[in-house]
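Student:
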Ligand code: GH3
Ligand code: MG
Ligand code: MG
Ligand code: MG
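Here it is as structure tokens:
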């Protein structure tokens, strides 16, 4: 296939390749109200193998973000007519929180003070026109890579190293806000603490490494069974917490009972041996605003009762 070396067909070819290869690439949301300038910039970006989403106005850009599109970097002309680049910056920060998508401002040479204000307001970078394509692309890649590292650090801080599910810190950082949300919806909800039975015995019999394997297996099963709707974390040792999303005690009890039964019947293969485990679960209701620790303490007390009643059961 011969492609004629004229700009238009090259743009088309690049756009086609773009659609195929977009996965894994840096996505830039380009906001510029001037169609000609936007087209120029989009062309430069596509030649630099960025995936590009175009918006002509700030509200359009916000709509793209609200729709949950993956955006790695936003580039905004700082002279947008309806809502200046600065205002877009503020709005994105307000909606997405402190580690919002990095926003790079763009303007003509003249307005040096705009650049200063933009950076001070939390802009990731500022580029003045005219620019070298290589510098333009380089700055965008740099901003995107910094953002990726921040996200990776955040994920690491929220994850349990052994099992890969959320950790205690994340459970306590996000739990109270979720409870607030559920209570405001007027629903109330439930919280469960799940603990592997006689885990010390298992460690003593098979060794710590097999113990670790069992922990990973249980976490993996729980992750699948609990799903994304509810908050699951390893609270420590062989203990897991589940904050249900608006499940009253009846539904939550049935849910926990299913978890208990599933885990009791799943076989864990380790060192040519088939291991079986059981878990006990304490389940408490959340009906009124209280310190988050109190809910967990209540669930813990039910767990204690489940252990004393013979283990392998749910008590609420
Ligand atoms: P119960 O049925 O009453 O819960 O008894 P248990 O033996 O499960 O409870 P206990 O709290 O006495 O023991 C928990 C054990 O979990 C003790 C500790 O060595 C082990 N443990 C804690 N963290 C880890 C871990 O990361 N890996 C492994 N392999 N063991 C762990
Ligand atoms: Mg214990
Ligand atoms: Mg235990
Ligand atoms: Mg325990």
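Residue numbers (UniProt numbering): 90 to 405. Glycine included, C-beta positions come from ideal geometry on N, C-alpha and C.
#1: By the DSSP assignment, the alpha helix (DSSP H) with residue 340 in it spans what residues?
#2: Using the Cβ count rule (16 or more neighbours within 10 Å means buried), how would you classify residue 239?
#3: Can residue 248 and residue 372 be called in contact, C-beta distance under 7 Å?
#4: So, under 8 Å CB-CB, residue 375 and residue 277 are touching, yes? Tell me the CB distance rounded to an integer number of Å.
#5: Answer yes or no: do residue 252 and residue 349 have a C-beta to C-beta separation smaller than 7 Å?
#6: Given 6 Å as the limit, tell me if residue 284 has its C-beta closer than that to any heavy atom belonging to ligand 3.
#7: So what does DSSP say about residue 403, is it helix, strand or coil?
#8: Can you give me the C-alpha to C-alpha distance between residue 361 and residue 355, rounded to a whole angstrom?
#9: Taking Cβ positions, are residue 207 and residue 215 nearer each other than 7 Å?
#10: Going along the chain, which residues of its own chain have a beta-carbon closer than 7 Å to the beta-carbon of residue 336, five neighbours each way excluded?
#11: Would you identify the three-state DSSP class for residue 371, choosing helix, strand or coil?
#12: By how many angstroms is the C-alpha of residue 320 removed from the C-alpha of residue 191?
#13: Throw me the rounded Cβ distance for the residue 284 and residue 369 pair, which I believe falls under 8 Å.
#14: Applying the criterion that 16 or more other CB atoms from any shown protein chain within 10 Å of the CB defines a buried residue, is residue 220 buried or exposed?
#15: If you measure from the CB of residue 391, is any heavy atom of ligand 3 nearer than 6 Å?
#16: In its own chain, which residues sit with a C-beta less than 8 Å from the C-beta of residue 124, not counting the 5 before and 5 after it?
#17: Which of the three DSSP states, helix, strand or coil, is assigned to residue 204?
#18: Count the other CB atoms within 10 Å of the CB of residue 233; is the residue buried (16 or more) or exposed (fewer)?
#19: Where do the ends of the alpha helix (DSSP H) carrying residue 227 lie?
#20: Quick one: what's got a C-beta closer than 6 Å to residue 398's C-beta in the same chain, skipping five residues either side?
#21: When we look at the beta-carbon of residue 264 and count the other beta-carbons within 10 Å, is it buried (16 or more) or exposed?
#22: Relative to the C-alpha of residue 400, which residue among 385, 353, 379 and 357 is closest?
#23: Compute the distance between the beta-carbons of residue 331 and residue 315, then report whether it is under 7 Å.
#24: Which residues mark the beginning and the end of the beta strand (DSSP E) in which residue 304 is found?
#25: Whose CA, out of 120, 154 and 167, lies closest to the CA of residue 182?
#26: With residue 359 as the anchor, note down where its beta strand (DSSP E) starts and where it stops.
#27: Quick check: the Cα distance between residue 161 and residue 347, rounded to an integer number of angstroms?
Tutor: The structure says:
#1: As a first step, residue 340 is located in the chain shown; it is residue number 251 there, counting from the start. That run of the alpha helix (DSSP H) goes 338-354.
#2: As a first step, residue 239 is located in the chain shown; it is residue number 150 there, counting from the start. Counting Cβ neighbours within 10 Å, residue 239 comes out exposed, since fewer than 16 surround it.
#3: Taking the chain shown and counting its residues from 1, the one referred to as residue 248 is at position 159. Taking the chain shown and counting its residues from 1, the one referred to as residue 372 is at position 283. The answer is no: Cβ separation not under 7 Å.
#4: Position 286 of the chain shown, counting from 1, holds the residue named residue 375. Position 188 of the chain shown, counting from 1, holds the residue named residue 277. Confirmed, about 6 Å.
#5: Translated into positions along the chain shown, residue 252 becomes position 163. Translated into positions along the chain shown, residue 349 becomes position 260. Their beta carbons are not under 7 Å apart, which means residue 252 does not touch residue 349 by this criterion.
#6: The count along the chain shown starts at 1 and reaches residue 284 at position 195. Checking every heavy atom of ligand 3 against the Cβ of residue 284, one is found closer than 6 Å.
#7: The sequence position of residue 403 within the chain shown is 314, counting from 1. DSSP places residue 403 in strand when its eight states are reduced to three.
#8: As a working mapping, residue 361 is identified with position 272 in the chain shown. As a working mapping, residue 355 is identified with position 266 in the chain shown. Our two residues, residue 361 and residue 355, have alpha carbons roughly 16 Å apart in a direct line.
#9: Stepping through the chain shown from its first residue, residue 207 is reached at position 118. Stepping through the chain shown from its first residue, residue 215 is reached at position 126. Closer than 7 Å, so yes.
#10: On the chain shown, position 247 is the one that residue 336 refers to. Around residue 336: 278, 279 and 344.
#11: Here residue 371 refers to the residue found at position 282 when the chain shown is read from its first residue. In the structure shown, residue 371 sits in a strand (DSSP, three-state: E or B).
#12: On the chain shown, position 102 is the one that residue 191 refers to. On the chain shown, position 231 is the one that residue 320 refers to. For residue 191 and residue 320, the distance between alpha carbons rounds to 28 Å.
#13: Taking the first residue of the chain shown as position 1, residue 284 is located at position 195. Taking the first residue of the chain shown as position 1, residue 369 is located at position 280. Contact holds; Cβ gap of about 5 Å.
#14: Taking the first residue of the chain shown as 1, we reach residue 220 at position 131. Label assigned to residue 220: exposed.
#15: Translated into the one-based positions of the chain shown, residue 391 becomes position 302. Residue 391 Cβ: outside cutoff for every heavy atom of ligand 3.
#16: Residue numbering aside, residue 124 sits at position 35 when the chain shown is read from its first letter. Result list for residue 124: 145, in chain order.
#17: For the purposes of this step, residue 204 is taken as residue 115 along the chain shown, with counting starting at 1. In this structure, DSSP gives residue 204 a helical state, which the three-state scheme calls helix.
#18: As a working note, residue 233 is residue 144 in the chain shown. Flag for residue 233 reads buried.
#19: As a working note, residue 227 is residue 138 in the chain shown. Looking at the DSSP string, the run of the alpha helix (DSSP H) that includes residue 227 is 222-247.
#20: Within the chain shown, residue 398 is the residue found at index 309, counting from 1. Closer than 6 Å at Cβ, skipping near neighbours: no residue.
#21: Position 175 of the chain shown, counting from 1, holds the residue named residue 264. When all chains shown are included, residue 264 counts as buried.
#22: Along the chain shown, one-based indexing puts residue 400 at 311. For residue 400, the nearest C-alpha among the options comes from 353.
#23: In the chain shown, the residue the question calls residue 331 occupies position 242. In the chain shown, the residue the question calls residue 315 occupies position 226. Yes, Cβ-Cβ distance for residue 331 and residue 315 is below 7 Å.
#24: Position 215 of the chain shown, counting from 1, holds the residue named residue 304. Run containing residue 304: none in the beta strand (DSSP E); it sits in the alpha helix (DSSP H), 297-315.
#25: As a first step, residue 182 is located in the chain shown; it is residue number 93 there, counting from the start. Residue 154 is the option with its Cα nearest to residue 182.
#26: The residue given as residue 359 occupies position 270 in the chain shown. 357-359 is the extent of the beta strand (DSSP E) around residue 359.
#27: As a working note, residue 161 is residue 72 in the chain shown. As a working note, residue 347 is residue 258 in the chain shown. Approximately 40 Å, taken between the alpha carbons.
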